[in-house]
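In our numbering, the protein residues as written are -9 to 31.
Glycine included, each C-beta is placed from N, C-alpha and C at the ideal position.
Bear in mind that the values here come from a model prediction, so they are computed numbers and not experimental data.
Notes follow the structure.
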């Protein structure tokens, strides 16, 4: 399980929640994201 910022609908606030990530399939990879930005304009 990982923590994720989820946008449930357009205009709604971000929700911090736990989600389950499926294992990558053939030809797919999983990367680790260190940081991200969100523009509120």
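Compare the Cα-Cα distances from residue 29 to each of -6, -7, -8, 3 and report the closest residue.
For the residues -6, -7, -8, 3, the minimum Cα distance to residue 29 belongs to 3.
Hey, how far is the Cα of residue -8 from the Cα of residue 18?
In a straight line, the C-alpha of residue -8 is about 19 Å away from that of residue 18.
So what's residue -4 in DSSP terms, helix, strand or just coil?
Note: residue -4 maps to strand in three-state DSSP.
So what does DSSP say about residue 9, is it helix, strand or coil?
In this structure, residue 9 counts as strand in the three-state DSSP scheme.
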